[in-house]
Ligand code: NZQ
Ligand code: ZN
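In our numbering, the protein residues as written are 84 to 468.
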């Protein structure tokens with residue numbers, strides 16, 4: 084196991100009816116709040132009205148940034164920064180999925196920064212200060228509710244980059260707020276959660292049994308609950324378990340002491356930057372192909388994945404056959420739950436393959452399980468066509 088320092092300051096407030104805590108939190112954070120949300124789902128579900136009344140009861144003056152796009156845009160972030168500066172906003176409340184939370188994180192670090200907030204995504208600067216941020220999560224997927232990552236798209240330059248920004252101060256997760264997530268977004272979310280585990284599970288670090296078993300537990304829990312939640316979107320326990328998996332997959336628990344990979348996320352971000360496809364859908368296509376491309380780097384790890392996560396019977400099989408059976412089980416699962424399996428599902432051909440491969444590697448080769456140069460990425464994308 085490698086050395087590590089683990090710190091996570093986000094207060095997680097989880098369960099039915101837990102939104103009631105918002106009033107106390109709001110009263111402590113200041114009188115002027117920027118409420119950030121997406122394209123209107125929170126108005127349709129009634130969550131917006133509940134939040135406005137809790138904020139008003141807490142004595143907050145509410146300013147709003149509505150219309151944050153899935154794959155949030157830098158231009159929207161800058162609009163939010165402008166509102167905060169003009170109105171003297173004290174704190175930010177993000178209500179939505181990963182896109183709304185990520186845009187809010189960017190605003191939170193952008194307000195006190197004199198330069199261009201995009202500097203935090205191009206690695207030119209590191210945030211030193213941030214406005215406090217609270218979140219009410221409505222979609223199980225990114226883990227953004229309990230980490231300090233933020234992914235923003237600069238549409239002018241067609242770049243989608245992740246930056247290290249700020250942890251939410253608190254995050255309220257009521258599984259009932261995810262009942263209304265449409266079927267496709269529910270599927271993408273589960274693929275994203277599993278992909279976060281993959282990025283941290285396929286590693287060469289030896290002697291990490293606890294991290295390994297944590298990771299396998301998350302994967303198995305998603306797999307067990309996936310069809311249940313798709314059959315009945317209002318199954319509270321299935322939604323709760325998926326929601327908690329989403330948080331645990333990317334809140335810093337899994338990578339402690341472990342060399343992690345993250346190449347597939349860089350590849351997906353490059354695809355989304357050019358074609359604006361849903362993040363989890365892109366991952367469902369790319370991850371199994373990445374697995375096929377790299378598994379020989381550590382066949383033992385892929386054998387363990389096959390047998391522990393998918394129950395592959397190793398008897399009578401070669402090492403390669405066991406490893407490949409695990410990858411095939413992953414592909415079959417994604418197909419069974421209705422995730423996209425090829426780039427063609429999003430009408431993506433090979434026209435911009437080279438461009439995407441270059442955009443995936445702007446700072447040099449990516450990944451640690453196997454270092455991938457832009458030619459490797461192009462090859463993986465070709466396998467996805
Ligand atoms: O905009 P609204 O109307 O709210 O609709 C959203 C959006 O259309 C809808 N939705 C969310 N909650 C809903 C709901 N519809 C009905 N009922 C609800 N309860 O779902 C759509 C997708 O929302 P979005 O926030 O884009 O999805 P997700 O949470 O998957 O976030 C994706 C973004 O997060 C980034 C991705 O790259 C992508 O930009 N990521 C962020 C990470 C992080 N910060 O740690 C890590 C991830 O790997 C990922 O890269
Ligand atoms: Zn992801």
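Note that the Cβ used here is the ideal one computed from N, Cα and C, for glycine as well.
How should residue 388 be labelled, buried or exposed, when 16 other C-beta atoms within 10 angstroms of its C-beta is the threshold for buried? Taking the chain shown and counting its residues from 1, the one referred to as residue 388 is at position 305. Its Cβ being crowded by 16 or more others within 10 Å, residue 388 is buried.
Min CB distance residue 108 to chain B below 7 Å: No chain B appears in this structure, which consists of one protein chain only.
Would you mind reading off the limits of the beta strand (DSSP E) that contains residue 177? Numbered from its first residue, the chain shown carries residue 177 at position 94. Unbroken beta strand (DSSP E) run through residue 177: 174-179.
Could you pull out every residue in the same chain whose Cβ sits closer than 8 Å to the Cβ of residue 321, ignoring the five residues on either side in sequence? Within the chain shown, numbered from 1, the residue matching residue 321 stands at position 238. The residues are 308, 311, 312, 315.
Using 6 Å as the cut-off, classify the Cβ of residue 185 as near or not near the heavy atoms of ligand 2, replying yes or no. On the chain shown, residue 185 is found 102 positions in, with the first residue counted as 1. Not under cutoff, so the answer is no.
Go to residue 214, then tell me how far its alpha helix (DSSP H) extends in each direction, as first and last residue. Residue 214 sits at position 131 when you count from the first residue of the chain shown. Annotation: residue 214 is outside any alpha helix (DSSP H) and is labelled neither H nor E by DSSP.
Residue 348 in three-state terms, based on DSSP: The residue you call residue 348 lines up with position 265 of the chain shown. Residue state, collapsed to three classes: helix.
Report whether the distance from the Cβ of residue 357 to the nearest heavy atom of ligand 1 is below 6 Å. Position 274 of the chain shown, counted from the start, is the residue given in the question as residue 357. No, ligand 1 has no heavy atom inside 6 Å of this Cβ.
Near ligand 1: residue 329 beta-carbon under 6 Å from a heavy atom: Taking the first residue of the chain shown as 1, we reach residue 329 at position 246. In this structure, the C-beta of residue 329 stays at least 6 Å away from each heavy atom of ligand 1.
Between residue 432 and the rest of its own chain, which residues show a CB-CB distance below 8 Å, the 5 nearest in sequence each way excluded? By one-based count along the chain shown, residue 432 stands at place 349. Residues of the same chain with a CB within less than 8 Å of the CB of residue 432, apart from the 5 flanking positions on each side, are 426, 468 in chain order.
With a threshold of 6 Å, establish whether the CB of residue 107 neighbours any heavy atom of ligand 2. As a working note, residue 107 is residue 24 in the chain shown. Not so, every heavy atom of ligand 2 lies at least 6 Å from the Cβ.
State the beta-bridge partners of residue 235 as determined by DSSP. On the chain shown, position 152 is the one that residue 235 refers to. Note: residue 235 sits in a beta bridge opposite 244.
Can you tell me whether residue 250 is helix, strand or coil according to DSSP? If you number the chain shown from 1, residue 250 lands on position 167. Residue 250: coil per DSSP, three-state reduction.
Return the first residue and the last residue of the beta strand (DSSP E) that residue 146 is part of. What you label residue 146 is simply residue 63 of the chain shown in a count that begins at 1. Here the beta strand (DSSP E) through residue 146 covers 144-148.
Ligand 4 heavy atoms versus the CB of residue 344: any closer than 6 Å? Questions concerning ligand 4 fall outside what the structure shown contains, since the ligands it does hold are ligand 1 and ligand 2.
Cutting at 8 Å between CB atoms, please list the residues of its own chain near residue 222, excluding the five before and the five after it. To locate residue 222, count along the chain shown from 1; it is residue 139. Excluding residues within five positions, the ones whose Cβ falls inside 8 Å are 179, 180, 181, 261, 264, 268, 272.
Would you decide whether residue 89 is buried or exposed? Buried here means 16 or more other CB atoms lie within 10 Å of its CB. Locating residue 89 in the chain shown gives position 6, counting from the first residue. Around the beta carbon of residue 89, a 10 Å sphere encloses fewer than 16 other beta carbons of the protein chains shown; the residue is thus reported as exposed.
Hey, is residue 268 close to ligand 1, as in C-beta under 6 Å from one of its heavy atoms? Numbered from 1 along the chain shown, position 185 holds the residue referred to as residue 268. Correct: residue 268 has its Cβ closer than 6 Å to ligand 1.
Beta-carbon within less than 6 Å of residue 233's beta-carbon, same chain only, minus the 5 sequence neighbours each way: which residues are those? Residue 233 sits at position 150 when you count from the first residue of the chain shown. Cβ neighbours of residue 233 within its own chain (closer than 6 Å, five residues either side excluded): 185, 188, 189, 246, 248.
Tell me the residue span of the alpha helix (DSSP H) that contains residue 271. By one-based count along the chain shown, residue 271 stands at place 188. Its alpha helix (DSSP H) spans residues 266-284.
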